[in-house]
Amino acid sequence: MKLSAIPTTVRTTCPYCGVGCGVRAQVGQDGALAIAGDEAHPASQGRLCVKGSALGETVGLEGRLLSPMLRAGEGLHEASWAEALDKVAGGFRKIIAEHGPDAVALYVSGQLLTEDYYVANKFMKGYVGSANIDTNSRLCMSAAVAGHKRAFGEDLVPGCYEDFELADLVVLVGSNAAWCHPTLYQRIVRAKEARPGMRVVVIDPRRTATCDLADLHLPLKPGSDVWLFNGLLGYLATQGALDSAYVQAHTVGLGEALDAAGEAAFLAPGGREAALLDVARACRLDPQQLLAFYELFANTEKTLTAFTMGVNQSSSGADKVNAIINCHLATGRIGRPGMGPFSLTGQPNAMGGREVGGLANMLAAHMELDDPSQRAAVQAFWDAPRMADKPGLKAVELFRAIEEGKVKAVWIMATNPLVSLPDADQARRALEKCELVVASDIVLGTDTNQLAHVLLPALGWGEKDGTVTNSERCISRQRAFLSKPGQARPDWEIVCEVARRMGFSGFDFTAPQQIFDEHARLSNWQNGAGSQRRRVFDIGGLAGLGRAEYDALEPVQWPVRRQGEDTQRLFGDGRFAYPDGKARFVATRARLPAHLPDAEFPLVLNTGRVRDQWHTMTRTGRSVKLAEHVPEPFVDLHPQDALLCGVKAGELARVTSNWGTVVARVRHGGGIARGSVFMPIHWSGQTASDARVGAVVNPAVDPVSGEPEFKHTPVRVEPFGVHWYGFILSRAALPLREAANWTRIQGAGFVRYELAGRKPFADAAHWARKLLQVEDDDADWIELEDRNGGVYRAAHLVDGRIEACLFVSQRQDLPARAWLAQMFCKESLSPQDRSGLLSGRAREQGVDPGPTVCSCFGVGRDTIRIAIEQHGLKDAAAVTACVKAGGNCGSCVPEIRALLGEASIKAQ
Amino acid sequence: MQAIDRRPSLVVIGNGMAGMRTVEELLKLAPDMYRITVFGAEPHGNYNRILLSPVLAGEKSVADIMLHTREWYAANGITLHAGDPVVRIDRKRRIVHAASGLAVPYDRLLVATGSKPFIVPVPGHDLPGVIGFRDLHDVDAMLTAARSGGHAVVIGGGLLGLEAANGLLRQGMAVTVVHVTASLMNQQLDAAAAELLRASLERRGLRILLSRQTAAIEGDGRVQALRFADGETIPADLVVMAAGVRPNVALAKEAGLHVERAIVVDDTLQTYDPRVYAVGECVQHRRATFGLVAPIWDQARVCAAHLAGSGHRRYVQQATATRLKVTGVDLYSAGDIVGGEGSEDLVLRDRRGGVYKRLVLSGRRLTGAVLYGDVADGPWYFGLIQNRTDISAIRNQLLFGQAQSVLAA
């Protein structure tokens, strides 16, 4: 008798947003994966959002890249690891030899584990000798990094999640936490329930789901945040709300900041009201609401200001961050429980990437590229042959340099820049021209991978092993609980292999804990020694962990200078990371977004996430559950703007900017002010024909941080005229070249396509059969055609089971998809289902009249029986007079007589 | 000696469904108004001719299909001369003469002579064993022929021909249906439905030859074979002519009544002679002649009202619906299925499921329906056609029948 393995539960960390929730994963005997929240994890305390809960649906191997692949001409072919690695190492070596180290680059991701990130950074900055390694975190929170460094002297988040619960005022700026950081949002919800006196202010141009919790929502004009917080600083100054003692003791530069903030206007005689009105006008806010917020802020000691993409993704992102931090420094509200500025990161390991120097302008372990002593320290630690000595290219610059031919080889890891970068068509042009494009990924079919010359299969969540750091500096283990599929390998190992092939020493790691150990030791290396600045990022206390200790590592917040240390908050002692220990005010002069709307592009595009999808949907897109919430890309705009643009809710619209075009369905979510439109970021060329919103986004960047301005692109919206709309549900994936527009949605046992077409079809049946790839004339094919009405519907069955169905219409009258979706769960359709299939909904059961007796009038046996009984009918003519039966051809009169006979016997 | 009956005399020529239905309706309105005399060519009471097919197929007995027994005539004071056909109408003297020499004067005359099968005039059409499918006599002849098995050929793939063929098949003969056009029941079905029907009938064992022209019926003293225009010959022990009917108008014509294709009547079913009415398959109303029962019931009601002197009704032609009485074949056709300028089609095809539905729309109304396989909603569609219901709100659900459409409306 075979004993089945006892299912074991593995504690790991969710791979989606920056909250970093703990997950308990259990692989059952049948291979099914059970996912639950980890109650022992401090970040989430047992809770998971809908994305995290659906992780089990996303780990299947369908669509995975499981073998190295090389491009030959148009096609890809499988290759051995040796071939693929030689190709990468050889290509890099040759290009470096001919054009220097700055001709190659790595573009990595906040999806990588810290260990992967560390090795990639070491490879580029210490061995290739170029700082051309940037990450998609550049698109996410590099503005926060820059703001932290300017204010605190190092990239440091002062507080922790507990502060959201301890605060009396939580200000959420440019954050739809309800959708983007759901478990943290739920913590705020519960805290507010427990302490109803707690106040929440949401500052966001959109009325998002997060506003449900808000006592006050300030729908500020997109991009006007610096006006708002400068105004706040000015207001606080005039109200005597500044903490002069704190400012005096722990900060530098308040005067310049107040000047920049326009304090003079506030201080002028009778100027306060005028200055407030100016701010309200600049931010397009109701002055009363503005004042209410200022008063609340001024009067609430325990104030936490959390900010995310709405602040960061701006051409003045770093200034916005500093304008917020200025207000906290000026009031001394930092470093103590329940208060402080708080940067919420987007990605699971954005902060881990920052720790190891994953950005092109950082070195490693929070050391600076342009500090010769720190450079020397790192070089000595690594025993590095060729240190980068100047900042490398930041994401947007990098892809420009690729297009210009300055960078000739790029290795992309765990990210999909053809979808996620601004001016994404430029990114495509760049990769099309690039001599060597290498991509490490877990899935095969992505927009980016289609242009790669070498594809390297990496491990995915549940397979890989390492650490991540969340928004509150908490280092958690991601642990493997699934076996490595195919030939996939961890990212760190792939980088090490290439490095060794390029002749580099220092890449002999055999396990992630060795890398983590080196990373921990580097963080402690010469830290504060000699003339060196004392770096706050120090996890020396985690150095020297053995494999077992590393595996058992509990979540811990850095710095961890000594073993057992765990740091909830920074700056409690008023000491910052600058050598003088003082924080810096930054004089933030408000400025307009880089590109302003005009007559040609009158609306402002804002982009963001939806609740149930993650990035470019390579994982969440596989979950049926997650597809339901927002199945299709959309453009949300105000109904009056829609009227002006001539677009209608439910129909398709084209959104065009100076940089590109997308097509999406119009909706009125109700949260959009006049002049703005919103689109989600998730759809790629794999999931929709024309909804890669990055193609429309302007490539302007923040001069300080290099973060692109995703939240502010002037666009115009026009009708996307189509002749018909339709949808397909199909068990098999289909190529859809025929449709003018399509979106692909994962269903349970099928794929759903929403379609629209421009060409009327002469022969709908022929067209549909071709589209659904039904060649066989004898196939079980049910169809409905209303040619003049422009309606065609068809279903293809195999052995009584539905294989695919298609519905098209020239009118907006397609049936709901839900009932049809259920049909795909059935092994065979009942006659009832079959007969109503093309109606798209359950066939209504009328009252059953029994078997038909009178065919001429469709009268059933039970109807006749009941009529005879109720009315005491005595002959056939009376039955005819009552229920019509027998009144035409008379064929059924004998049967009616028989029924009359039965009734009379019964009556006796 | 009986007292002299001074009531006016109504003579009915034809003891069939149309004539007797008119009498029935008349009796309801004015039971004692006329002395009524009925002449019938067949030696029976009145039976339901529509049900000859089930009798032939063995599904019903003759007793089942009798509408009016001799007792009924007696009970209602009607004089019946069954088996005594009328041979002449003397309109001047207002007397009808029967084959037996009987002469009966009339004040009102109702001509309900019906129709007779069209016998295709090919060589050999008069051979013994070539029959029509019209009355109980024909059914008897077929049942007799079937007893010895052998081959039957039915000429005509219309409603009647297919029912005859099915009956003969059920009686154990090898049956071939020969149809002159390319699709069966081309009056009632479109090509797609006809194709489904053909396949279904062939599965049941009928042999069906389409687009075939009969050149001759051959046989020595009795039918033995059928020869086509292309020279092919097939064996035949029985040939049933079901290639249409011809209204029986000879009597009316000889009497000088106005006859075109049939006896021309106005909206009150009156002929050109105000004392003479006509109903049923022998009449022509505004260019149309009739073969289905529903319009004839309407005619009977209108005609009876006028005979009864309460002449406020008009006969209005309505859309008609037909079914094929072949057990196991569900087929329903209603209204105008050809369609015309500006008409639109809604079509549902489920070949494997054996379902075909075509609805013909004209503007916002349903004007025709062909249903095959799933006919449950046929009467409902027929109602929509007759009531000229605006269906635009339920257009997308219409093909799925009443329950779904009611939901949509």
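Same order as they appear, the protein sequences are chains B and E.
With the UniProt record's numbering applied, the first sequence covers 1 to 908.
With the UniProt record's numbering applied, the second sequence covers 1 to 409.
Glycine included, C-beta positions come from ideal geometry on N, C-alpha and C.
Quick caveat, the model's predicted, so the values are computed rather than measured.
| query | Going along chain E in order, which residues have a C-beta closer than 9 angstroms to the C-beta of B:V791? | reply | Position 791 of the first sequence holds residue 791 of chain B. Residues of chain E passing the Cβ test: L346, R395 and N396.
| task | Per DSSP, which residues does E:G40 bridge with? Please list them. | result | For the purposes of this step, residue 40 of chain E is taken as residue 40 along the second sequence, with counting starting at 1. Note: E:G40 sits in a beta bridge opposite E:A82.
| query | the segment 291 to 313 of chain E: which residues have C-beta closer than 7 angstroms to a C-beta of chain B, in chain order? | reply | V293 and A294
| In chain order, what residues of the segment 373 to 404 of chain E put their CB closer than 8 angstroms to some CB of chain B? | D374, V375, A376, D377, G378, P379, W380, R395, N396, Q397, L399, F400, Q402, A403 and Q404
| task | Note down, in chain order, every chain E residue with its Cβ under 8 angstroms from the Cβ of B:D776. | result | Along the first sequence, read from residue 1 onward, the residue named residue 776 of chain B stands at position 776. Neighbours of B:D776 on chain E: none; closest Cβ ~12 angstroms, over 8 angstroms.
| DSSP state of E:L169 mapped onto helix, strand, coil | By one-based count along the second sequence, residue 169 of chain E stands at place 169. E:L169 falls in the helix class under three-state DSSP.
| chain E contact for B:P894 (CB, 8 angstroms cutoff) | Residue 894 of chain B sits at position 894 when you count from the first residue of the first sequence. Yes, B:P894 lies at the interface with chain E (some Cβ there is under 8 angstroms from its Cβ).
| Exposed or buried, B:V512, counting other C-beta atoms within 10 Å across all chains shown (16 or more means buried)? | Here residue 512 of chain B is taken as the residue at index 512 of the first sequence, counted from 1. The sequence as given places Pro at residue 512 of chain B; Val does not occur at that position. It is buried - the Cβ of B:P512 has at least 16 other Cβ atoms within 10 Å.
| request: Determine the direct distance from the alpha carbon of B:E497 to that of B:L459, and round the result to whole angstroms. | output: Along the first sequence, one-based indexing puts residue 459 of chain B at 459. Along the first sequence, one-based indexing puts residue 497 of chain B at 497. One C-alpha to the other measures close to 15 angstroms.
| Three-state secondary structure assigned by DSSP to E:G328 | The count along the second sequence starts at 1 and reaches residue 328 of chain E at position 328. Residue state, collapsed to three classes: coil.
| request: Please report how far the alpha carbon of B:V791 lies from the alpha carbon of E:Q397, in whole angstroms. | output: What you label residue 791 of chain B is simply residue 791 of the first sequence in a count that begins at 1. What you label residue 397 of chain E is simply residue 397 of the second sequence in a count that begins at 1. Those two C-alpha atoms are separated by around 12 angstroms.
| message | Residues of the segment 852 to 866 of chain B in Cβ contact with chain E at a cutoff of 9 angstroms, in chain order, please. | response | T852, C854, S855, C856, F857, G858 and V859
| request: Could you tell me which uninterrupted beta strand (DSSP E) segments, each at least 3 residues in length, are contained entirely in the segment 289 to 353 of chain E, listed from first to last along the chain? | output: 321 to 323, 331 to 335 and 343 to 350
| request: Please name the residues in the segment 31 to 55 of chain E whose beta-carbon is closer than 8 angstroms to at least one beta-carbon of chain B, in chain order. | output: N48, I50, L51 and P54
| CA-to-CA distance, B:A260 to B:Q640, given in whole angstroms | What you label residue 640 of chain B is simply residue 640 of the first sequence in a count that begins at 1. What you label residue 260 of chain B is simply residue 260 of the first sequence in a count that begins at 1. Each residue's Cα considered, the two are about 37 angstroms apart.
| said: Measuring straight from C-alpha to C-alpha, what distance separates E:T233 and E:A252? | reply: As a first step, residue 233 of chain E must be located in the second sequence, where it is residue number 233. As a first step, residue 252 of chain E must be located in the second sequence, where it is residue number 252. Those two C-alpha atoms are separated by around 40 angstroms.
| said: Measuring alpha carbon to alpha carbon, tell me which residue in E:D5, E:I13 and E:Y47 is nearest E:Y34. | reply: Start at 1 with the first residue of the second sequence, and residue 34 of chain E comes out as number 34. Of E:D5, E:I13 and E:Y47, the residue nearest in Cα terms is E:D5.
| Mapping DSSP to helix, strand and coil, what is B:W614? | Taking the first sequence and counting its residues from 1, the one referred to as residue 614 of chain B is at position 614. In the structure shown, B:W614 sits in coil (DSSP, three-state: anything other than H, G, I, E or B).
| query | Can you pull the DSSP bridge partners for B:Y792? | reply | As a working note, residue 792 of chain B is residue 792 in the first sequence. Answer by DSSP bridge pairing, in chain order: B:E785 and B:V808.
| task | Reducing DSSP to helix, strand and coil, say where E:H285 ends up. | result | As a first step, residue 285 of chain E is located in the second sequence; it is residue number 285 there, counting from the start. Looking at E:H285 - three-state DSSP - the assignment turns out to be strand.
| Selection from B:D243, B:L522, B:G671 and B:A898 that minimises the alpha carbon distance to B:H217 | On the first sequence, residue 217 of chain B is found 217 positions in, with the first residue counted as 1. Per the Cα distances, B:G671.
| request: Could you tell me how far apart the beta carbons of B:D116 and B:D491 are, in whole angstroms, since I believe they sit closer than 8 angstroms? | output: Counted from its first residue, the first sequence places residue 116 of chain B at position 116. Counted from its first residue, the first sequence places residue 491 of chain B at position 491. Yes, they are in contact, since the Cβ atoms of B:D116 and B:D491 sit about 4 angstroms apart, within 8 angstroms.
| In or out: B:S904 buried (at least 16 other Cβ within 10 Å) or exposed? | Stepping through the first sequence from its first residue, residue 904 of chain B is reached at position 904. Exposed, by the Cβ-count rule.
| message | So for B:W683, helix, strand or coil by DSSP? | response | In the first sequence, counting from the first residue as 1, residue 683 of chain B sits at position 683. B:W683: coil per DSSP, three-state reduction.
| request: Assign B:Q111 to buried or exposed, taking buried as 16 or more other Cβ atoms, counted over all protein chains shown, within 10 Å of its Cβ. | output: In the first sequence, residue 111 of chain B corresponds to position 111, counting from 1. The residue in question, B:Q111, is buried, as its Cβ has 16 or more Cβ neighbours within 10 Å.
| Going by C-alpha distance, which of B:A237, B:G540 and B:Q514 is nearest B:W525? | As a working mapping, residue 525 of chain B is identified with position 525 in the first sequence. Comparing Cα positions, the closest option is B:G540.
| Nearest candidate by alpha-carbon position, reference B:K625, set B:K51, B:Q450 and B:A885 | Sequence index remark: in the first sequence, residue 625 of chain B carries index 625 (1-based). Nearest C-alpha to B:K625: B:K51.
| query | Can the beta-carbon of E:A182 be found less than 8 angstroms from the beta-carbon of E:S211? | reply | Along the second sequence, read from residue 1 onward, the residue named residue 182 of chain E stands at position 182. Along the second sequence, read from residue 1 onward, the residue named residue 211 of chain E stands at position 211. Yes, they are a contact pair.
| Sequence-distant residues of its chain with Cβ nearer than 8 angstroms to B:L169 (five each side left out) | If you number the first sequence from 1, residue 169 of chain B lands on position 169. Excluding residues within five positions, the ones whose Cβ falls inside 8 angstroms are M198, R199, V200, V201, L296, F297, T300, K302, T303 and L304.
| query | Which ranges does the beta strand (DSSP E) cover as unbroken runs of at least 3 residues, wholly within the segment 631 to 655 of chain B, from first to last along the chain? | reply | 634 to 637
| Burial state of B:K2 (16 or more Cβ within 10 Å) | Numbered from its first residue, the first sequence carries residue 2 of chain B at position 2. Note on B:K2: pLDDT 45, under 50, position unreliable in the model; no value is reported.
| field | Strand pairing of B:L605, partner residues [DSSP] | value | Reading the first sequence from its first residue, position 605 is the one you call residue 605 of chain B. Its beta-bridge partners are B:V677 and B:T713.
| query | Can the beta-carbon of E:I119 be found closer than 8 angstroms to that of E:G132? | reply | Position 119 of the second sequence holds residue 119 of chain E. Position 132 of the second sequence holds residue 132 of chain E. Going by C-beta atoms, E:I119 is nearer than 8 angstroms to E:G132.
| task | Assign B:P372 to one of three DSSP states: helix, strand, or coil. | result | Working through the first sequence from its first residue, we reach residue 372 of chain B at position 372. Three-state result, B:P372: helix.
| request: Could I get the ranges of all uninterrupted beta strand (DSSP E) runs contained in the segment 62 to 115 of chain B, with 3 residues as the minimum, in chain order? | output: 69 to 72, 75 to 78 and 104 to 108
| field | Contacting residues, own chain, Cβ-Cβ under 7 angstroms from E:L127 (five flanking each side not counted) | value | Taking the second sequence and counting its residues from 1, the one referred to as residue 127 of chain E is at position 127. Closer than 7 angstroms at Cβ, skipping near neighbours: I217, G219, R222 and V223.
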